[in-house]
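Everything below concerns the one structure shown next.
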Ligand code: NAD
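Numbering (my numbering), first residue to last: 53 to 412.
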């Protein structure tokens, strides 16, 4: 099959890490008889330098015409870069929010997986880390408290701030369906996380998700209150497969879940819309402190490319091949700067890309 992939390399380490992901994708294409065409697009600081704005209509339009978007990261040193002397709506990060909105990306997926070889980096108790974990956090990205009406005003002589948390059943159903579809590709378990003992919006999430669950009899479905989930993530993370939740709970819990893996350079992510289209990017930023030195860890971006194959193109075998190659390289002891222990040899960014490509 032939696929067109929008490649937004971005700023800082972005070009270095996306180039390695493209290398691995090209090797996968060769091995499995596919063709990946990369359409290079500008966004973020590099787009400000060329076009005066972080995101142009052309970038949105071209990206929308592709089968998926593979992104590096955008932004510079927020203290020293001239990009941060611009007004907030003209800064690099505005491009990211803009493209997510324009492409209607409502479902954010962040896997949290503990590689046995990297257990030492896990901050949890040894016996908890020993059991390992492999979960997928699915966060609703375009509704809820962050998008509701808000204001601060004096009411009866007292300054009062109001934020509104709104969800309608359609917004809930479309992400619940995504959650169950994704569970079918994994260990077939969904945990809905909410605060249904207090919030009306959570009670609607439960009602709609209960209905969706009936269409997936093979999936083990359960519910958990968000405060309990925050505890369970550090006590017994192995119990989770797909965790489905609303925007703010997901914001907080997905950071907690990534933290327990212990390594930012390993964490991929995806943002999907109602079709198979998605934007795939590492969870980390543009790391300006190490940009241009060829020492960044490209694995999060390579794993993001694997997610693209699995969730946008339905190429599960190909995605498995990439994930297995990453595991193999770690098993053989190769480590980039962020993973190496003091005194351990460090592999450069492009060499890590080569090592993974060779193992496809
Ligand atoms: P950061 O994630 O870029 O860096 C934090 C630390 O992690 C740094 O020490 C960095 O060297 C290290 N690191 C990050 N990715 C790494 C990798 N792949 N390999 C090795 N080490 C890695 O966060 P920050 O310093 O807070 O932000 C820098 C810039 O990135 C800012 O402009 C910020 O706005 C932007 N940012 C962009 C995105 C995005 O594009 N989605 C996300 C977060 C931050």
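Every residue, glycine too, gets a C-beta built ideally from N, C-alpha and C.
| query | result |
| --- | --- |
| Limits of the alpha helix (DSSP H) - the one that residue 333 falls within | Segment 330–334 is the beta strand (DSSP E) holding residue 333; no alpha helix (DSSP H) there. |
| Reduced DSSP secondary structure (H/G/I, E/B, other) of residue 314 | coil |
| C-beta atoms of residue 277 and residue 246 nearer than 9 Å | yes |
| Beta-carbon proximity of residue 243 to residue 208, cut-off 9 Å | no |
| Continuous alpha helix (DSSP H) stretch holding residue 181: start and end | 178–183 |
| 3-residue-minimum beta strand (DSSP E) runs that sit fully inside the stretch 94–161, ordered along the chain | 120–125 |
| Spatially closest choice to residue 353 from 99, 55, 90 and 122, by CA coordinates | 122 |
| Cutoff 8 Å; reference residue 312; Cβ partners in own chain excluding five residues on either side | 164, 166, 174, 175, 176, 185, 285, 286 and 289 |
| CA nearest to the CA of residue 133, picked from 386, 338 and 388 | 338 |
| Same chain, Cβ closer than 6 Å to residue 106, neighbours up to 5 away in sequence not counted | 96, 99, 100, 144, 146 and 147 |
| beta-carbon residue 349 near the ligand NAD non-hydrogen atom, thresh 8 Å | yes |
| Closer than 8 Å: residue 145 CB and nearest the ligand NAD heavy atom | yes |
| Candidates 89, 296, 155 and 280, of which the one nearest residue 273 by Cα | 296 |
| Close beta carbons around residue 249, own chain, < 8 Å, minus the five adjacent residues each side | 277 |
| Burial state of residue 213, where buried means 16 or more other Cβ atoms lie within 10 Å | exposed |
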